[in-house]
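Asks: Right, I'll just put the structure down here and ask away after.
Numbering (the UniProt record's numbering), first residue to last: 1 to 151.
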């Protein structure tokens with residue numbers, strides 16, 4: 001194939017959801033962008049979007065070089081459900097009816113506060129749990145880990 005006739009690059013797409021779209025789903029989106037670069041189309045939304053991003057979540061991902069830049073809480077766009085290859089719900093509080101073709105996967109993420117862990121350490125543990133899951137998902141999607149997030 002010549003460059004003029006090359007097949008278009010098809011990138012897998014992932015929609016990350018949580019209730020407010022201010023913390024965990026934003027962390028997952030930022031971490032996937034960091035791990036996969038532009039090899040994955042990343043979307044995030046909330047079932048009941050909040051008014052602001054969780055600053056502790058933002059700080060935790062920034063510690064390892066990921067970014068919330070340009071992020072804001074958003075409602076679910078039904079078209080996203082239709083075109084996403086994977087839909088991931090972070091936590092068990094957000095409930096979504098599957099109206100699209102992609103399977104819905106629930107990540108019951110770590111909640112360190114149940115063990116008495118609070119503050120920045122709590123957020124780091126949540127981030128690290130989400131990062132491990134994001135890396136596994138990127139691998140399932142056949143995307144090479146760019147090795148830019150975390151260790």
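Beta carbons: idealized from backbone N, C-alpha and C, even for Gly.
Treat the numbers as computed from the prediction; the structure is a model and nothing was measured.
Looking at residue 40 and residue 27, is the spacing between their C-beta atoms short of 8 Å?
Replies: Cβ atoms of residue 27 and residue 40: not closer than 8 Å.
Asks: Could you please give the first and the last residue of the uninterrupted beta strand (DSSP E) stretch that includes residue 28?
Replies: Here residue 28 belongs to no beta strand (DSSP E); instead the alpha helix (DSSP H) covers 24-36.
Asks: Buried or exposed for residue 25, please, with buried defined as at least 16 other CB atoms from any protein chain shown within 10 angstroms of its CB.
Replies: Counting Cβ neighbours within 10 Å, residue 25 comes out buried, since at least 16 surround it.
Asks: The beta strand (DSSP E) spanning residue 13 covers which residue range?
Replies: Its beta strand (DSSP E) spans residues 13-18.
Asks: Residues bridged to residue 70 by DSSP?
Replies: BP columns for residue 70 are empty, so no partner.
Asks: Rounded to whole angstroms, what's the CA-CA distance from residue 67 to residue 52? Just pull it up for me.
Replies: Answer to the nearest angstrom: the Cα atoms are 15 Å apart.
Asks: Roughly how many whole angstroms lie between the Cα atoms of residue 80 and residue 13?
Replies: Going from the Cα of residue 80 to the Cα of residue 13 covers about 9 Å.
Asks: Is the separation between the beta-carbon of residue 60 and that of residue 42 shorter than 8 Å?
Replies: Taking 8 Å as the Cβ cut-off, residue 60 and residue 42 do not qualify as a contacting pair.
Asks: Taking just the CA atoms, how far does residue 47 sit from residue 95?
Replies: The straight-line gap from Cα to Cα measures roughly 7 Å.
Asks: Using alpha carbons as the reference points, say which of 22, 131, 146, 145 lies closest to residue 55.
Replies: If we check each option's Cα against that of residue 55, 22 comes out closest.
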